[in-house]
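This report refers to the structure that appears directly beneath it.
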Ligand SMILES: Cc1ncc(COP(=O)(O)O)c(C=O)c1O
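Residue numbers (the numbering used here): 84 to 367.
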């Protein structure tokens with residue numbers, strides 16, 4: 084692991100990322116020699132730091148270190164954590180002015196390629212997301228809800244689940260954002276109360292708009308999903324993955340997705356983006 088530019092194998096036990104989950108993170112795909120959507124990942128980290136009042140300023144250094152860290156690597160996941168660092172008194176971050184960045188590398192899950200081709204089935208998670216407008220959208224380090232969602236999923240035969248908030252609105256899945264088409268209209272959940280505003284979600288919305296497909300950003304509950312024409316999930320590692328059907332665990336309701344015609348188009352638009360031409364980030 085690289086901490087503030089140095090190779091290390093351990094981290095200070097007083098670090099606030101460990102003590103309180105005080106920080107944010109992102110996972111970037113490094114594929115075919117390119118760090119996909121690096122600028123957008125860094126922009127989301129910048130937004131998160133702003134919301135958390137985390138005074139990290141070494142954005143140019145971070146970008147350079149991320150690039151350097153993959154110079155001797157093949158396809159992998161690059162995980163970047165920004166922690167407020169060690170210090171402060173109890174929860175209070177006061178006086179804590181030495182944030183850290185941590186870079187680690189991991190394998191890209193092998194099953195994602197099969198998912199992209201064949202699609203996947205979703206169940207519905209019984210774990211509901213809390214509504215917290217201040218933290219909604221950012222990828223902060225407090226991920227206990229996702230840990231519980233995965234814990235539950237592990238006891239089912241499903242690889243992923245639709246996840247709702249405590250008001251019953253669909254938000255995302257355990258690891259990605261979700262889009263669906265019903266009555267010839269595309270939808271994706273509004274993320275102003277909970278969920279992660281995915282880098283790929285934003286790319287997909289722009290691609291769809293640029294190609295004449297309107298997307299409505301909505302707060303929808305489960306019954307509205309009954310008449311589905313298409314559905315897909317997405318994140319930086321799996322990119323666009325069609326959903327074949329979804330069903331509630333232990334219930335006989337199984338909703339089969341009718342087609343994935345436009346999903347395949349969206350998938351190919353995203354895959355055609357040339358990452359070498361992506362410009363360097365604006366830094367402050
Ligand atoms: C809970 C959750 N929602 C959405 C996303 C999608 O984010 P991105 O497209 O930036 O990878 C992720 C990514 O891991 C996630 O963990």
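Glycine residues also receive a C-beta, built at the ideal position from the N, C-alpha and C atoms.
It should be emphasised that the depicted structure is a prediction, and the values quoted were computed from it without experimental measurement.
Query                                                                                                                        : Result
Proximity test, residue 298 beta-carbon vs ligand 1 heavy atom, cut-off 7 Å                                                  : no
Segment contact flag, the region 298 to 312 with the region 92 to 99, C-beta cutoff 8 Å, min 3 pairs                         : no
Presumed contact (8 Å Cβ cut-off) between residue 166 and residue 185, rounded CB distance                                   : 7 Å
Heavy atom of ligand 2 within 7 Å of residue 110 beta-carbon                                                                 : For the structure depicted, ligand 2 is absent and the ligand set comprises only ligand 1.
Sequence-distant residues of the same chain with beta carbon closer than 8 Å to residue 252, five excluded per side          : 272, 273, 276, 302, 303, 304
Distance CB(residue 257)-CB(residue 243) smaller than 8 Å                                                                    : yes
Validate contact between the region 199 to 209 and the region 235 to 242 using beta carbons, cut 8 Å, 3 pairs                : yes
Exposure of residue 366, with buried meaning 16 or more beta-carbon neighbours within 10 Å                                   : Because the pLDDT of residue 366 is 41, which lies under 50, any placement of that residue in the model is unreliable, and the question is left without a value.
Rounded C-alpha distance that separates residue 179 from residue 96                                                          : 15 Å
Rounded C-alpha distance that separates residue 101 from residue 170                                                         : 12 Å
Closer than 7 Å: residue 225 CB and nearest ligand 1 heavy atom                                                              : no
Residue 177 versus residue 140: straight-line alpha-carbon distance, rounded                                                 : 17 Å
Through-space distance from residue 321 to residue 207, alpha-carbon basis                                                   : 20 Å
Inside the region 196 to 245 only - alpha helix (DSSP H) runs reaching at least 4 residues                                   : 227 to 236
Paired residues, beta bridge with residue 106 - DSSP                                                                         : 166
Residues of its chain near residue 360, where Cβ-Cβ distance is below 7 Å and the 5 sequence neighbours each way are ignored : Here residue 360 scores only 44 on pLDDT, less than 50, and its place in the model should not be relied on; the value that follows carries that caveat. No residues qualify anywhere along the chain.
Residue 309 versus residue 338: straight-line alpha-carbon distance, rounded                                                 : 7 Å
Any non-hydrogen atom of ligand 1 closer than 7 Å to residue 323 Cβ                                                          : no
Alpha helix (DSSP H) runs contained entirely in the region 257 to 330, provided each spans 4 or more residues                : 282 to 293
Paired residues, beta bridge with residue 175 - DSSP                                                                         : 172
Cβ-heavy atom distance, residue 275 to ligand 1, below 7 Å                                                                   : no
For residue 187, three-class secondary structure by DSSP                                                                     : strand
Buried or exposed (CB count within 10 angstroms, at least 16 for buried), residue 156                                        : exposed
Close beta carbons around residue 364, own chain, < 8 Å, minus the five adjacent residues each side                          : For residue 364, the predicted structure reports a pLDDT of 44, less than 50, and the residue's modelled location is therefore unreliable. A value from the coordinates is still provided. 121, 122, 125, 126, 142, 146.
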